[in-house]
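Novice: Pasting in a structure now, in structure tokens, and then I'll have a few things to ask.
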Amino acid sequence: MSHIRNLRSTMSCLNIYNLKPFEKHILIKNKYRDVHHSCKLLVVGGGTGGCSMAAKFVNKFKGRNQVIIIEPNEIHYYQPMFTLIGGGIRSFEDSKKPMKDTLPKNAKWFQDNVMSFEPTQNQVTMSNGDIVQYEIMIVAMGLQLYWEKIPGLVESLKNNMSRVCSIYGSDTVTNVFPKITKIKDGTAIFTFPNSPVKCPGAPQKNCIYCRRIFSKTKCT
């Protein structure tokens, strides 16, 4: 359970407190596996931030696999495009690309989760038990959205007849433009939380897009 304690300590510094998914993986970890990998740069997370950093540094280190990326997902979503999707300017398919075609070719990709950060030893442990040692580490895991923390939000987002929508999820952004175009009257509210968000400019962009759409649909 030392891995969980190490993870709790590290993740609390990152303001991430829900460790139940990590603990589940820890319990099924293969205790007999002892595989080590090493690299100059380790990037944890293959989203827009992690992918950009890996691409920036992969050519600065000589030799292949000097940059290792740990990312569990098979599909990469270019989330900065989500505002355009919500505004009806781009399609959702434009934002999707296989992870293997997105990450830098000279980087080594491990499709796995990090279960334990051990910064004093310059290493992390993945859910399969493998250890990755590094000289430099970039943590770019993004933000986890907890829709259920707002009562009724999950149900409203899934209901095609409701007037509630969000551009912040790959499973919610496709409903934004259809819902906006159905609105004929009323008051539109755009939330701008006073807390860390994926893109502070996104609510403002969509407010402008909606104003353009409302003028075309004669919304009052």
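In UniProt numbering, the protein residues as written are 1 to 220.
Yeah, the Cβ is synthetic: ideal placement off N, Cα and C, and Gly gets one too.
1. Would the beta-carbon of E71 fall within 8 Å of that of G49?
2. Flag this pair as yes or no: are the beta carbons of V58 and P104 separated by less than 8 Å?
3. Leaving out the 5 sequence neighbours to the left and right, which residues in its chain are closer than 7 Å to T220 when beta-carbon positions are compared?
4. Indicate the three-state DSSP secondary structure (helix, strand or coil) for N66 in the structure shown.
5. By the DSSP assignment, the beta strand (DSSP E) with E118 in it spans what residues?
6. For L84, which option in C39, M126, S38 and S166 has the closest C-alpha, if you only look at C-alpha atoms?
7. When DSSP labels each residue in this structure, what does M141 get in the three-state scheme?
8. Is the beta carbon of G87 less than 8 Å from the beta carbon of N206?
9. CB K40 to CB E135, shorter than 8 Å?
10. Which residues in the same chain as T125 place their Cβ atom closer than 6 Å to its Cβ, once the five residues preceding and following it in sequence are excluded?
11. Of all the CB atoms in chain C, is at least one closer than 8 Å to the CB of K216?
12. Can you tell me whether V43 is helix, strand or coil according to DSSP?
13. In three-state terms, what does DSSP make of T172?
14. Rounded to a whole number of angstroms, what is the C-alpha to C-alpha distance between T102 and Y168?
15. So the candidates are I180, I68 and T181; which of them puts its Cα closest to the Cα of Q123?
16. Rounded to the nearest angstrom, what separates K100 and K218 at their Cα positions?
17. Compare the Cα-Cα distances from Y77 to each of D94, I89 and R90 and report the closest residue.
Specialist: With the given structure in hand:
1. For E71 and G49, no; Cβs fall outside 8 Å.
2. The Cβ atoms of V58 and P104 lie closer than 8 Å to each other.
3. Taken in chain order, the residues that qualify are D185.
4. Reading off the sequence, residue 66 comes out as Gln, not Asn. Correct three-state label for Q66: coil.
5. V114 to E118 is the extent of the beta strand (DSSP E) around E118.
6. L84 has its Cα closest to that of S166, out of C39, M126, S38 and S166.
7. DSSP, reduced to helix, strand and coil, places M141 outside both helices and strands of the structure shown, so it counts as coil.
8. Between G87 and N206, the C-beta spacing is below 8 Å.
9. Yes. Within cutoff.
10. These residues qualify, in order along the chain: M115, S116 and I131.
11. Of the chains in the structure shown, none is chain C; there is only one protein chain.
12. Three-state DSSP puts V43 in a strand.
13. DSSP places T172 in coil when its eight states are reduced to three.
14. In this model, T102 and Y168 are separated by some 21 Å (Cα to Cα).
15. With respect to the C-alpha of Q123, the residue from I180, I68 and T181 having the closest C-alpha is I68.
16. Rounded to whole angstroms, the gap between the alpha carbons of K100 and K218 is 44 Å.
17. From the listed residues D94, I89 and R90, the smallest Cα separation to Y77 is found for D94.
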